[in-house]
Every structure is written in structure tokens, then in C-alpha cells.
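The sequence shown runs 4 to 326 under the numbering used here. Worksheet: one structure, shown below.
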Amino acid sequence: MATVLWLHGGACNGNTMSFLNAEYPSVCDLVTDFGIEILWHPSAGLEMGNQVQALLRDILAEKIPLDIFVFEGTVVLGPNGTGRYNMFAGRPMKDWVYELAHVAKFVVAVGNCASQGNIPAVPPNPTESTGLQFHKTKKGGFLGEHFVSRGGLPVINIPGCPAHYDWITQILVALAVGRASDIQLDEYNRPLTFFKTFSQTGCTRVQFHEWKISAEEFGQGTRKGCLFYELGCRGPLTHAPCNRILWNGVSSKQRSGHPCIGCTEFAFPWFDLAPGTIFKTQKVAGVIPKESVYEADKFTYMLHAVTARIAAPKWATEDIFVV
């Protein structure tokens with residue numbers, strides 16, 4: 004049986020909401036079918052107050068083994084490095100995090116905040132928030148770039164705002180059943196099984212992307228046009244399986260007509276939320292997207308785009324979904 008402790012830092016609890024809605028397996032299945040013992044979770048644990056403090060002390064004293072330490076939310080270091088903006092069980096949460104990470108066999112950061120700091124870490128970052136082992140794109144974070152858990156892995160980052168429940172449960176199961184060696188990580192410590200392909204993979208409007216036919220306003224996205232060229236969709240640039248592993252087994256942002264916001268990439272939020280950058284494709288000379296999936300120079304890109312539009316079939320510019 005593998006033990007799991009889940010704590011919250013500076014978080015909106017969106018990842019907990021995602022996790023508690025897991026279906027295959029459900030949270031109950033994790034316990035009954037995969038031998039996972041959830042020592043405590045802020046939303047699902049029965050212990051309170053002194054009971055939680057006693058549990059944490061027993062874990063740190065290694066009276067209770069900790070196989071998987073899951074952390075959600077930023078590590079809050081403010082004010083002035085004291086961590087007292089985020090107190091938990093009589094101490095700054097950052098102190099618990101540091102000590103628990105060093106006794107746990109594996110450490111998992113769930114969601115963008117825990118992975119890299121996310122929106123709370125956008126300058127001026129008044130709470131002095133950071134991720135467990137990354138601060139935005141820079142490796143280091145709270146635990147330091149050289150941190151390795153007792154199981155021999157760095158912090159396993161499962162980004163997303165929130166992370167999909169399948170990404171969370173499948174990694175927990177792999178760790179619980181002794182298949183940690185099967186988990187391959189990329190340069191941001193993300194599991195490659197989920198984050199090697201792009202969000203665009205499986206997008207139902209990928210043909211419009213190829214023909215350079217753009218949706219020009221919200222609402223068109225469910226019917227015609229690609230959301231990348233005008234509405235700031237980052238699907239072609241974002242490593243995520245959102246169109247392969249659908250939300251609730253049904254949909255994704257792009258399928259519902261909403262641009263991918265690129266939340267699994269470690270530069271999120273993009274442009275630090277500067278005015279005029281949200282849901283708007285940034286362009287050179289008002290024409291060419293600044294960020295392109297093409298490695299060719301800008302002139303070659305423009306030539307390709309013009310050729311694609313000329314060659315586009317008639318149906319690509321029509322509303323093919325009629326009633």
C-alpha cells in the first residue's frame with residue numbers, strides 16, 4: 004500500500020476540484036483497487052486541528068512512511084521570506100513543505116501554481132510565490148534545481164490550470180504500483196506520456212489551421228475557422244493532451260469554441276497578462292503571428308500562408324454546420 008499526503012499552498016483549489024471529479028479511476032477506486040492510502044487531504048481528510056499536526060509530526064519522525072507527497076498551490080515565501088502569509092498547523096506552510104519533501108519517496112506538484120508559480124508569481128508578486136522546483140521557466144523554485152526525492156526523481160510536475168484529473172490519477176497509480184521507472188520527464192519535469200504532443204493534436208478545427216482560415220470572433224470557433232490567427236489560441240504551441248484526453252470525456256476548450264490559453268507551458272500566464280495580449284494573437288506588422296509553429300523565416304511563412312488560403316476549398320470558408 005502506498006501512502007499519499009496532499010497539502011494546499013497558495014491555491015484556488017481548482018486542482019482538488021478536478022481530482023475529486025475523477026472517474027476512471029475515481030478517488031474511491033484509488034483506495035479500493037490500487038492500494039493507495041490517503042493519509043490526509045484538506046477536502047477529503049477527516050482529521051482536524053491537533054490531529055493533523057500529530058499526523059504531520061509522525062510523518063516527519065518517519066513513524067508513518069510517506070510514499071507520495073502531493074502539493075497544490077504556490078509556495079508562499081512572503082513577507083520577506085518568512086512564509087507567514089500562509090500559515091498552516093502552527094507553522095509557515097513552506098516549512099512543512101520543505102521537511103515533507105525531504106522525507107517523501109516521491110514529490111508531485113499538481114497544477115500550475117505548484118509547478119511554476121503561475122498567476123500569483125506574476126510581478127510584482129506581493130506574496131513572494133514560487134513553484135516547488137521551477138519559478139516560471141527557470142529551474143530552481145523553492146526546493147532548488149538539484150532537489151531529488153528519496154525515490155530518485157525530481158519533483159514530478161503536472162501543470163494545468165487546473166490539471167486534468169486523468170493526468171493526476173494515472174501518475175499516482177504509476178507511483179503507487181511501483182512503476183516510477185516508466186515515468187519519463189521532459190525538461191520541465193512534466194510526464195512525457197501527457198506532455199509530448201500538442202494541444203492542437205486532435206483539435207476538431209485543425210483543417211482550418213492548415214488552410215489559414217481564421218475565426219474572427221467568439222462563437223465562430225464552434226462552427227468554422229481556426230482560433231490561432233486572431234483570437235490568441237495557443238493550441239499549436241502548447242504541450243498538452245487536452246484534445247486526446249477530453250474533459251469529462253466530452254470536450255475541450257477548442258471544441259467548445261474557446262481558445263487554448265496555453266496553461267501547461269511554464270511561461271503561463273503569457274505576457275504577464277499585459278493589456279491587449281489576452282485572447283488576441285500578437286502579430287508582426289499586424290499580419291504575421293509573432294509566435295509561429297513554422298521554423299522558416301517570416302517571408303517563407305507569408306508565402307506559405309498566401310498559398311494555403313488560395314488553395315483552400317470553398318467549404319473552408321462556409322458555415323458547414325446548418326440547421
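From the three backbone atoms N, C-alpha and C, an ideal C-beta is built for every residue, glycine too. These figures come from a predicted structure and were not determined experimentally.
Item, Value
"Closer than 7 Å: threonine 77 CB and nearest the ligand MN heavy atom", "By its list of ligands, the structure shown contains no ligand whatsoever, and the ligand MN lies outside what it can speak to."
"Rounded separation between leucine 8 and leucine 63 - CA only", "12 Å"
"Three-state class that DSSP yields for proline 194 in the structure shown", "strand"
"Beta-carbon gap between alanine 124 and threonine 77 smaller than 8 Å", "yes"
"Test item: CB-CB of methionine 4 and glutamate 50 under 8 Å", "no"
"Cβ-Cβ distance between tryptophan 273 and glycine 260 below 8 Å", "no"
"Residues bridged to lysine 286 [DSSP beta-bridge criterion]", "Pro292"
"Short Cβ contact (8 Å threshold) for cysteine 229 with histidine 242", "no"
"Residue(s) in a DSSP beta bridge with threonine 133", "Val78"
"Threonine 133 vs leucine 80 beta-carbon contact at 8 Å", "yes"
"Threonine 172, enclosing alpha helix (DSSP H) - first and last residue", "168-179"
"Nearest-angstrom Cα separation, counted from proline 239 out to phenylalanine 231", "8 Å"
"Contact under 8 Å by Cβ, proline 244 with threonine 207", "no"
"Inter-residue spacing [alpha-carbon to alpha-carbon] between aspartate 70 and valine 151", "14 Å"
"Endpoints, alpha helix (DSSP H) assigned at histidine 212", "209-214"
"Counted within 10 angstroms of its Cβ, other Cβ atoms place methionine 96 as buried (16 or more) or exposed", "buried"
"Alpha-carbon spacing of glutamate 148 relative to asparagine 16, whole angstroms", "26 Å"
"Bounding residues of the beta strand (DSSP E) (the contiguous stretch that carries isoleucine 161)", "159-161"
"Other residues of its chain near isoleucine 122: CB distance less than 6 Å, five sequence neighbours each side excluded", "Pro272"
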